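Same order as they appear, the protein sequences are chains Y and D.
Quick note on numbering: my numbering labels position 61 of the first sequence as 64, and the sequence is numbered without any gaps.
Quick note on numbering: my numbering labels position 224 of the second sequence as 226, and the sequence is numbered without any gaps.
Every residue gets a Cβ at the ideal spot worked out from N, C-alpha and C, and that includes glycine.
All of these numbers come straight from a predicted model, not from anything done at the bench.
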Amino acid sequence: MGTNIKIIIHFLPILILTSCVNLDNELDFERYVTNIVIEGLVIDSQGKSFVKLSLTSPYGDSVSINHINNAVVNIVEDDSINYAFNLSSDGYYTHSSFIGKVNSMYSLIISYQETEYIAKSKLLPVCSIDSLVPKVISNDIPASPEYKVKVYAKRSSEEFTSYYIVRIYKNGILYNSYPDLLIVSDAYLESFNNLTLPKTFTTADTVKVELYSISEQIYDYYDEMIGLINGSLNTVYFSPKNPKTNISNGALGIFQVSSFSSAEIGL
Amino acid sequence: MKWLCLLVLFASFSLQNLICQNKISGIKVDASYSQATLKEIISDLGTRYSVKFSYSESLLPLNTKITCSVIDKSLNEVLEIIFSGTNIDYKIVKQQIVLFPIVALKECIVSGFVRDSDNGEGMIGVTVYTDDNTSATTTNEDGYYTLKLKEGKFNICFSFIGFALKLEQVQVTTNLNLNTELVESPTLLNEVLVTPDIKGEKILSALSGIEKVDIKTLIKLPNMLGEPDIIRGLSILPGVTSNELSIGEFNIRGGASNQTIFQMDEAPVSSVSHFGGIFSLFNSDIVKQVVVSKGNFTASEKGALSAVIDVKMKEGNKKEWEMRGGINTLFTRFTIEGPIIKDKTSIILGGRKSYIDQIIRLFPKVESPEIFQVNDVSLKIDHRFNWKNNLSLTAFYGNDFISQESIISTEKFYGILKWGHFFNQRFRMENKLIAGTYSLSIESDIKPELYNLEIKHRNYQFHSNYIYHVGDLFKIKAGYQAIWNENKPWNITSKSNESIIKDYSLFSIKTIEQSLFAETDIILFQRLAMNAGIRFTYFMHIGPYNLYNYSTDVSGKRLINDTAYYGQNKTVYTYLSPEPRISLRYLVDLKSSIKASYTRGTSFSHKLMLSTILIPIFRMVPGSKLFPPEKADNFSLGYYRGFLNNNLSTSVETYWRKMSNMTEFTQNDRLLYDDRVEILMHPSSGQSYGIEFSTTCNLNKFDIILNYAFANTRYKTGNINNNRPYPPPFDITHSLTTFASMKAGRRFEIGINWIFQSGLPYTEPSSMYYIDGRLMVQFDPEHVNTKRLPPYHRMDLSITLIPLKNMHRRWKSSWNMSICNLYMRKNPLGVIYYLEKNEDIPEMKTTDQWKPRYIYFYQFVPSISYNFKF
Numbered sequence: 004m005g006t007n008i009k010i011i012i013h014f015l016p017i018l019i020l021t022s023c024v025n026l027d028n029e030l031d032f033e034r035y036v037t038n039i040v041i042e043g044l045v046i047d048s049q050g051k052s053f054v055k056l057s058l059t060s061p062y063g064d065s066v067s068i069n070h071i072n073n074a075v076v077n078i079v080e081d082d083s084i085n086y087a088f089n090l091s092s093d094g095y096y097t098h099s100s101f102i103g104k105v106n107s108m109y110s111l112i113i114s115y116q117e118t119e120y121i122a123k124s125k126l127l128p129v130c131s132i133d134s135l136v137p138k139v140i141s142n143d144i145p146a147s148p149e150y151k152v153k154v155y156a157k158r159s160s161e162e163f164t165s166y167y168i169v170r171i172y173k174n175g176i177l178y179n180s181y182p183d184l185l186i187v188s189d190a191y192l193e194s195f196n197n198l199t200l201p202k203t204f205t206t207a208d209t210v211k212v213e214l215y216s217i218s219e220q221i222y223d224y225y226d227e228m229i230g231l232i233n234g235s236l237n238t239v240y241f242s243p244k245n246p247k248t249n250i251s252n253g254a255l256g257i258f259q260v261s262s263f264s265s266a267e268i269g270l
Numbered sequence: 003m004k005w006l007c008l009l010v011l012f013a014s015f016s017l018q019n020l021i022c023q024n025k026i027s028g029i030k031v032d033a034s035y036s037q038a039t040l041k042e043i044i045s046d047l048g049t050r051y052s053v054k055f056s057y058s059e060s061l062l063p064l065n066t067k068i069t070c071s072v073i074d075k076s077l078n079e080v081l082e083i084i085f086s087g088t089n090i091d092y093k094i095v096k097q098q099i100v101l102f103p104i105v106a107l108k109e110c111i112v113s114g115f116v117r118d119s120d121n122g123e124g125m126i127g128v129t130v131y132t133d134d135n136t137s138a139t140t141t142n143e144d145g146y147y148t149l150k151l152k153e154g155k156f157n158i159c160f161s162f163i164g165f166a167l168k169l170e171q172v173q174v175t176t177n178l179n180l181n182t183e184l185v186e187s188p189t190l191l192n193e194v195l196v197t198p199d200i201k202g203e204k205i206l207s208a209l210s211g212i213e214k215v216d217i218k219t220l221i222k223l224p225n226m227l228g229e230p231d232i233i234r235g236l237s238i239l240p241g242v243t244s245n246e247l248s249i250g251e252f253n254i255r256g257g258a259s260n261q262t263i264f265q266m267d268e269a270p271v272s273s274v275s276h277f278g279g280i281f282s283l284f285n286s287d288i289v290k291q292v293v294v295s296k297g298n299f300t301a302s303e304k305g306a307l308s309a310v311i312d313v314k315m316k317e318g319n320k321k322e323w324e325m326r327g328g329i330n331t332l333f334t335r336f337t338i339e340g341p342i343i344k345d346k347t348s349i350i351l352g353g354r355k356s357y358i359d360q361i362i363r364l365f366p367k368v369e370s371p372e373i374f375q376v377n378d379v380s381l382k383i384d385h386r387f388n389w390k391n392n393l394s395l396t397a398f399y400g401n402d403f404i405s406q407e408s409i410i411s412t413e414k415f416y417g418i419l420k421w422g423h424f425f426n427q428r429f430r431m432e433n434k435l436i437a438g439t440y441s442l443s444i445e446s447d448i449k450p451e452l453y454n455l456e457i458k459h460r461n462y463q464f465h466s467n468y469i470y471h472v473g474d475l476f477k478i479k480a481g482y483q484a485i486w487n488e489n490k491p492w493n494i495t496s497k498s499n500e501s502i503i504k505d506y507s508l509f510s511i512k513t514i515e516q517s518l519f520a521e522t523d524i525i526l527f528q529r530l531a532m533n534a535g536i537r538f539t540y541f542m543h544i545g546p547y548n549l550y551n552y553s554t555d556v557s558g559k560r561l562i563n564d565t566a567y568y569g570q571n572k573t574v575y576t577y578l579s580p581e582p583r584i585s586l587r588y589l590v591d592l593k594s595s596i597k598a599s600y601t602r603g604t605s606f607s608h609k610l611m612l613s614t615i616l617i618p619i620f621r622m623v624p625g626s627k628l629f630p631p632e633k634a635d636n637f638s639l640g641y642y643r644g645f646l647n648n649n650l651s652t653s654v655e656t657y658w659r660k661m662s663n664m665t666e667f668t669q670n671d672r673l674l675y676d677d678r679v680e681i682l683m684h685p686s687s688g689q690s691y692g693i694e695f696s697t698t699c700n701l702n703k704f705d706i707i708l709n710y711a712f713a714n715t716r717y718k719t720g721n722i723n724n725n726r727p728y729p730p731p732f733d734i735t736h737s738l739t740t741f742a743s744m745k746a747g748r749r750f751e752i753g754i755n756w757i758f759q760s761g762l763p764y765t766e767p768s769s770m771y772y773i774d775g776r777l778m779v780q781f782d783p784e785h786v787n788t789k790r791l792p793p794y795h796r797m798d799l800s801i802t803l804i805p806l807k808n809m810h811r812r813w814k815s816s817w818n819m820s821i822c823n824l825y826m827r828k829n830p831l832g833v834i835y836y837l838e839k840n841e842d843i844p845e846m847k848t849t850d851q852w853k854p855r856y857i858y859f860y861q862f863v864p865s866i867s868y869n870f871k872f
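Shown next as structure tokens:
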């Protein structure tokens, strides 16, 4: 929705300008600031919630991930039940029995080098996917037609706007990876009937779709990130801003709290 | 013999009178009077020095008492002393001194219109003065002037660059209406040196920061793609910088582009560019003059925070019919003008049409839209009923259209109806009705997203101004203005039952501004002039509207506490803004002046520019308790000097501006369709100061312009740069513009300009990190816009070939070749970051590196055009 507007605002200007890109000049960047990077996910499925911690790298030719293995990570449910997440691999903290509950409020509390980083978000319900329906879009090679897949689902609330992340898997591999992060809002949608996935498939592919409910704040974070990426981090007559995180004390990253539903078909 | 006797008699009489005068003047007086009446003094002088006084006692104030003391003074000097301050004058006739009263000469108003003899159009900025330099003024935007003179005989001079000096001899005994016409004539250097000093408008006027640029200067500038564009040409003015990617996005004296207002004959224009941002709406064949007011406005003008750019349209030729037009790389244009009734009613009608899509199809590798059209039509009708009444109608319609899979179009309409009425020569009235609409429409035929989307702005205004002149010494202007704005930010209608889009619209934003103003132009002392006024504007935002009440959490995020609904026409918010404005001008001598000014400007709604490149998209958010109307206080001080009878004019002007209640916003698509837009807005403030030098020389064969400006602008926003001041992305510290045009022989005209600007600021990245498998760049939040791109400079060239046949025929044509960026410099406009593709997995991109690159717009743009006039 509003695709045309988004193209006008973000994409077309860069499309025109990239035709004039000078590939010869290199820029020197001098300043490096170390920040903690936090990726937190709380989900209503056992064993899938995690917290990933790392440090930023200097802007340069190659990027290395500097994991943080000595932080204290806790997730508190409804300000009462505390779950201590433990290090399971480099920078990766999990809890074996933790399951998120819909409509509960979750607080992420991280202590690292005498600084506390806090984030809070509510686990919102997700709409269930009724079905996935393939549609042939190209039959140039009859033995191997191309398909688009439609998602049928209802709005989870008629009164309030809901926000979602959509992940598409093809043959078990995440298909809309970087930079095709897909987020949707149902602000002016009657329903999810006929929501067509922006990917094509062929015969014998298995298609799996996961919907993750997110809050408006998390939607804004990803929307700003997509805007930056699609605009090639554009600085032409514009001051780019880092996406606004929901984590305190200058941390980068996001604390995402989601319920999810999924559906799968074989073509 | 008889004649000889008469001659001898006359000579004797004259000689006798002369001898008597010398005898009386030679008398030396020693006297002292204390509170003596004039009658007593006269009697004493007559007795002591044997001088006879003749007078009529009833006509003279001889009971006036004076005190004076003189030693060894001539009788003439004593008489000057005792009669000073009275209305008594004297004359020596034969052997007596005749006393008589000075008759006060009546003051009269001489007024009228100065028009171009070629087409009958009123001429703006003509200097009108008496040859004894006791009185001078300039014509206003209608070509009208007034002079206050005492009874007597005068030579009134009319002077304007490029036109022959006109002298009208008049006998002033009562108020006089004096219209005149000036004939175009090249100004020759030797003539310039011998004619008397002329006070130019820039030196005389009390207002500073005003640049009036004639169309004849603007069309000499090298043009982009063959189409002369008057808006693009304004970049040669000091303190004016423009966004290269979108014409009409101007930054003037540190103001963001939304702080500059464009007008067409005083009607506000929401968006001044056509699709692509390469061309403006204004057809150069219909424009007379462009007035740029930088931070200084009179109380009668609504003004703006930063600047007002008013494009004045021609009235149309009232003498004879003519056509003109041109064909160039992207456009074709045609204009016709002429008298419907000679010297009374004129019409000018012009249109332009593009063929961009046909041009793009010539390049098969470039994906061309099915249709890409840009069109506009301009009309003006001017009718003079008589010297007391004038009616004019200006109308503009523009339409841009792109069709690929969806149809994207914009429509613009602006109309102005103006009625000027003179009650008498001192008192006149101006009434205006103004209407303007702008709409952006997207029609999607792509299933299942079948919808119509529309964003609309409407503006209606009524102005009623009353002006009372007392010659050039004193003028009062007062009036009332009302403005109705309606902005529909987002309106979607579903096109079919199969569409997944439902009807959705935001509330229309309706605002009313009502203003009362009073201003005066006055010559305080001989050299000191002042324009001072006050404007009161009452702003109302009316419903229907949902007003959200916000609080802020510890992270700074805005949270909604509650919502109040305001019904149809209910008042949501009001604001009263007093806007004082004062300008002073001190005339140092006949060639130079010093000016100082202060102006307060207010913008009652916040204009959020979501996109300026290609298609301008913006949203108006009305002022509220949370985000009050924006304000700017503008101060300036300048020195202006003319040389060579103002054919060479120079100025230096310094300014300081304080901007408050501004807003910055997060680039987020929700700005378009979410009625809780305040969540994404942040309060901001700013300051800027600078100095501007300007030199302009207009001679017969040469025009030379040299302008330099230094500017320093800093904004402050809570969530940016840790609430520390930072330069905005358009901040240019140094800018130098030079332009020269010359006639080379009878066939060629050459124009060349060179522009230099220091580099634009940008923010450098400070680190990199991964989120969700995606490599992200962190921009240094504590050093916003601290780095500078390399300087920008380019040279443009224009060569116009005029066939010799033009001299002997009515059809006048010319060929123009222009090159923008002659030495092909790649001027960086910013930095973008480029992803390298991973060859192993074509559908996925590597997350190893964002490569930075400079980006530039164009490198070398030649064009050719054919222009004609008939």
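- Closer than 9 angstroms to the CB of residue 623 of chain D there is not a single CB belonging to chain Y.
- Per the DSSP secondary-structure output, residue 744 of chain D pairs in a beta bridge with D/704, D/752.
- By the CB criterion at 9 angstroms, residue 620 of chain D and residue 579 of chain D fall outside the cutoff.
- In this structure, the beta-carbon distance from residue 145 of chain D to residue 125 of chain D falls below 9 angstroms.
- Between the stretch 30-48 of chain D and the stretch 75-83 of chain D, the count of Cβ pairs shorter than 8 angstroms is three or higher; the stretches touch.
- Look at residue 638 of chain D here: in three-state DSSP terms it is strand.
- By the CB criterion at 9 angstroms, residue 269 of chain D and residue 463 of chain D fall inside the cutoff.
- In the three-state scheme derived from DSSP, where H, G and I count as helix and E and B as strand, residue 465 of chain D is classed as strand.
- Looking at the DSSP output, residue 181 of chain D bridges to nothing.
- Rounded to the nearest angstrom, the gap between the Cα atoms of residue 111 of chain D and residue 181 of chain D is 13 angstroms.
- If you check the CB distance, residue 414 of chain D and residue 283 of chain D come in under 9 angstroms.
- Going by DSSP, residue 417 of chain D is part of the beta strand (DSSP E) stretching over 408-424.
- Separation of residue 249 of chain Y and residue 221 of chain Y (C-alpha to C-alpha, rounded to the nearest whole angstrom) is 7 angstroms.
- Boundaries of the alpha helix (DSSP H) harbouring residue 233 of chain Y: 219-233, taken from the DSSP string.
- Residue nearest to residue 287 of chain D within the set D/353, D/344, D/522, D/226 is D/353 (criterion: CA-CA distance).
- A distance of 9 angstroms or more separates the beta carbons of residue 721 of chain D and residue 240 of chain Y.
- Taking CB atoms only, residue 82 of chain Y has no neighbour in chain D less than 9 angstroms away.
- With a cut-off of 8 angstroms on Cβ pairs, the stretch 298-318 of chain D is in contact with the stretch 330-349 of chain D, counting three or more such pairs.
- The beta-carbon of residue 769 of chain D is placed less than 9 angstroms from the nearest beta-carbon of chain Y.
- For residue 446 of chain D, the secondary structure class from DSSP, reduced to helix, strand or coil, is strand.
- As DSSP reads the structure, residue 515 of chain D sits in a beta bridge with D/485, D/541.
- Exposure of residue 429 of chain D is indicated by the presence of fewer than 16 other C-beta atoms within 10 angstroms of its C-beta.
- Residue environment for residue 570 of chain D: exposed (fewer than 16 other C-beta atoms within 10 angstroms of its C-beta).
- The continuous stretches of alpha helix (DSSP H) do not include residue 189 of chain Y, and DSSP gives it neither H nor E.
- Against residue 257 of chain Y, the close residues of chain D are 773, 774, in the order they occur along the chain (beta-carbon pairs closer than 9 angstroms).
- The alpha-carbon separation between residue 825 of chain D and residue 800 of chain D amounts to approximately 14 angstroms.
- By DSSP's assignment, residue 532 of chain D forms a beta bridge with D/524, D/586.
- Put simply, the stretch 106-119 of chain Y touches the stretch 250-258 of chain Y. At least three CB pairs are less than 8 angstroms apart.
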